[in-house]
Amino acid sequence: MAFLLIVVLVPPAAGFYSYFSGIPLHLLAGKAADNESSAASAPQSVSLVPGQPHTLQVPEEVSTALGIRKGQRDVFAIAEPPTRMRPIVLPGSTALDPTRLARIRARFAPAKVVEIAQVWDHSPKTGQTEFRELRQGDSVSKGDLLGIFYSADVGIKKNDLLDALVQLELDQRILDEAEKHAEAVPAVFLNTYSRAVQGDRNAISRALNNLKLWDIPQNEIDALHAEAKKISADKNAWFKSPEGRWVKGLKQANGGKVEPDKETENPWGRVTLRSPFDGVVVERNVHTDEMVVDNTVNLFQIADVNRLLVIASCPEDDLPELEDLRGSERRWTVRTVGVASATGLSGTIDEIGYVIDPNQHTAVIKGYVDNPGKRLRAGQYVTATVNIPPPNDVVEIPTDALVDDGLQSLVFVQPDPAVRHFTMRRVEVTQRFEHTVFVRNTPIPKEEQLTAHEAEEGLLPKAPLQPGERVLLSGTLELKAALLELESRPAQQPTDRVAKAKTRPAAGLESQRVRKAKLGTG
Numbered sequence: 096m097a098f099l100l101i102v103v104l105v106p107p108a109a110g111f112y113s114y115f116s117g118i119p120l121h122l123l124a125g126k127a128a129d130n131e132s133s134a135a136s137a138p139q140s141v142s143l144v145p146g147q148p149h150t151l152q153v154p155e156e157v158s159t160a161l162g163i164r165k166g167q168r169d170v171f172a173i174a175e176p177p178t179r180m181r182p183i184v185l186p187g188s189t190a191l192d193p194t195r196l197a198r199i200r201a202r203f204a205p206a207k208v209v210e211i212a213q214v215w216d217h218s219p220k221t222g223q224t225e226f227r228e229l230r231q232g233d234s235v236s237k238g239d240l241l242g243i244f245y246s247a248d249v250g251i252k253k254n255d256l257l258d259a260l261v262q263l264e265l266d267q268r269i270l271d272e273a274e275k276h277a278e279a280v281p282a283v284f285l286n287t288y289s290r291a292v293q294g295d296r297n298a299i300s301r302a303l304n305n306l307k308l309w310d311i312p313q314n315e316i317d318a319l320h321a322e323a324k325k326i327s328a329d330k331n332a333w334f335k336s337p338e339g340r341w342v343k344g345l346k347q348a349n350g351g352k353v354e355p356d357k358e359t360e361n362p363w364g365r366v367t368l369r370s371p372f373d374g375v376v377v378e379r380n381v382h383t384d385e386m387v388v389d390n391t392v393n394l395f396q397i398a399d400v401n402r403l404l405v406i407a408s409c410p411e412d413d414l415p416e417l418e419d420l421r422g423s424e425r426r427w428t429v430r431t432v433g434v435a436s437a438t439g440l441s442g443t444i445d446e447i448g449y450v451i452d453p454n455q456h457t458a459v460i461k462g463y464v465d466n467p468g469k470r471l472r473a474g475q476y477v478t479a480t481v482n483i484p485p486p487n488d489v490v491e492i493p494t495d496a497l498v499d500d501g502l503q504s505l506v507f508v509q510p511d512p513a514v515r516h517f518t519m520r521r522v523e524v525t526q527r528f529e530h531t532v533f534v535r536n537t538p539i540p541k542e543e544q545l546t547a548h549e550a551e552e553g554l555l556p557k558a559p560l561q562p563g564e565r566v567l568l569s570g571t572l573e574l575k576a577a578l579l580e581l582e583s584r585p586a587q588q589p590t591d592r593v594a595k596a597k598t599r600p601a602a603g604l605e606s607q608r609v610r611k612a613k614l615g616t617g
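The sequence shown lines up with residues 96 to 617 when you count with the numbering used here.
Listed below in structure tokens is the structure:
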């Protein structure tokens, strides 16, 4: 019975005593000395710094636990003016330089192709090195033979020059002999042959101009002059040619056929096409024994690929920044397949298109890039990177130092390196990159610091970040949560337990109001 009475009566008695004395039930079993010793042995935690808004004091052991301090050093970064440029990456493609592209055409038609230039190459069929015809991708040097043609028009023009040279030789000889005996020769005779000599000279000039207009090589024109001298010196030289033997009725060794592909037999209709400069054959549209009847067709195209044209598309939003570049700043770095991605190829921007594509809203940007080793090819996809100078009103910090919650961008600044105090500050981010961000360092106008909506949300006002300030790189999320939790607590704890119990249902609403007020006013 006594045991049952103790079990029934002791708990209610202890509850009444705890209610009227204000001592919790779990403390009734302990002593005040034990409570003081346990409090003294508890680890320290972060706390607010009086008089400094949004500033935490972080003990060393907490710094180590959060990764703020590693190896006797704090993990932080120094806000500095940007040292690198802000890049604009433009997609584009390469193209042949139109100023270094030669279109080889027949300036005379019709013409027959009798030979294509031969090059020495390894044959994949026989496994031996042998001659083959020139084709796309082959490199040629200035003056190299491309093809040999025969044209009736060229032969006629060459014969006109040859005839004028021979006629001049004859008329000049007659005039010279007449002038030796001027006293016995009528004046009209001298004037007639003087006019004939002048006409021969005009005919020679006209024939030479036509041949030079057709780009007939000078050595072939010189051969005509030598042939004219030979004909003038030997009156029977023509009868030694196949045509002369045919006129005399002599039987030909080849059946009387004239072989126009032999220069020694009939060199006048022979025309050679040669490369105008060092380059690569990028197009060939002719073959042996073909009759060329259209002189507007490109027989060959030779391109100098040591420099290529780059055509890129620039969004219209980035055009003002490109147009602000001056002089040596208008450069880009081109990267593509086959070129080292770490370095790329450097070139200049020569033209910014004025017309905007209405569908893509981009402008055409043109420039040139050197092509060492001919590794780039025309038509390749490229990315052209243009480095834009950074603005003067920003500092650069690592992305790890920034805390973004969708509403504001925060950093923790250490005002004094010797004191472990960290202040949470809202900053204005102007540009973001892969590893760093640009933060404004100039004073922010009052109307831009905090809007009415942001104040209602309880956000901090924006503040500049000055060069040289230290910002934390680790533990920022934990410090932000601890700061918000500490600042959301009531400023004073009530001593009256009864009053505290009465006000307990509204504590959650009061915490939210205090937090918003503190964060809003700073």
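The beta-carbon is built from N, C-alpha and C at its ideal position, and this holds for glycine as well.
Is DSSP giving residue i helix, strand or coil here?
i           : result
residue 99  : helix
residue 405 : strand
residue 451 : strand
residue 441 : strand
residue 465 : strand
residue 487 : coil
residue 182 : strand
residue 618 : Coverage of the chain is limited to positions 96 through 617, which leaves residue 618 absent and any answer about it impossible.
residue 123 : The predicted model places residue 123 with a pLDDT of 45, which falls under 50 and marks its position as unreliable; any figure quoted below should be read in that light. Residue 123: helix per DSSP, three-state reduction.
residue 456 : coil
residue 327 : helix
residue 165 : strand
residue 275 : helix
residue 267 : helix
residue 432 : coil
residue 313 : helix
residue 135 : Note that residue 135 scores 40 on pLDDT, short of 50, meaning its location in the model is unreliable; the coordinates nonetheless yield the value given after this. Looking at residue 135 - three-state DSSP - the assignment turns out to be helix.
residue 318 : helix
residue 473 : coil
residue 262 : helix
residue 210 : strand
In the DSSP assignment, the alpha helix (DSSP H) including residue i goes from what residue to what residue?
i           : result
residue 308 : 282-308
residue 619 : The structure shown does not extend to residue 619, since the chain is modelled only from 96 through 617, so no value can be given for it.
residue 159 : 155-161
With DSSP as the reference, please indicate the residues paired to residue i in a beta bridge.
i           : result
residue 378 : 396
residue 427 : 442
residue 200 : 393
residue 143 : 151
residue 191 : 403
residue 504 : 499 and 522
residue 368 : 242
residue 492 : 532
residue 482 : 182
residue 342 : Answer is none; residue 342 lacks a bridge partner.
residue 234 : 375
Should residue i be labelled buried (16 or more other beta-carbon atoms within 10 Å of its own) or exposed?
i           : result
residue 445 : exposed
residue 99  : exposed
residue 266 : buried
residue 142 : exposed
residue 184 : exposed
residue 158 : buried
residue 164 : buried
residue 342 : exposed
residue 536 : buried
residue 96  : exposed
residue 556 : buried
residue 199 : buried
residue 344 : exposed
residue 365 : buried
residue 468 : exposed
residue 462 : buried
residue 520 : buried
residue 149 : buried
residue 523 : buried
residue 255 : buried
residue 227 : exposed
residue 564 : buried
For the beta strand (DSSP E) containing residue i, list its first residue and its last residue.
i           : result
residue 246 : 240-246
residue 216 : 213-217
residue 173 : 171-173
residue 224 : 224-228
Indicate whether at least one CB of chain C lies closer than 8 Å to the CB of residue i.
i           : result
residue 470 : Included in the structure is just one protein chain, with no chain C present.
Enumerate, from N- to C-terminal direction, the unbroken alpha helix (DSSP H) stretches of 4 or more residues contained entirely within the region 526-578. 541-544 and 547-552
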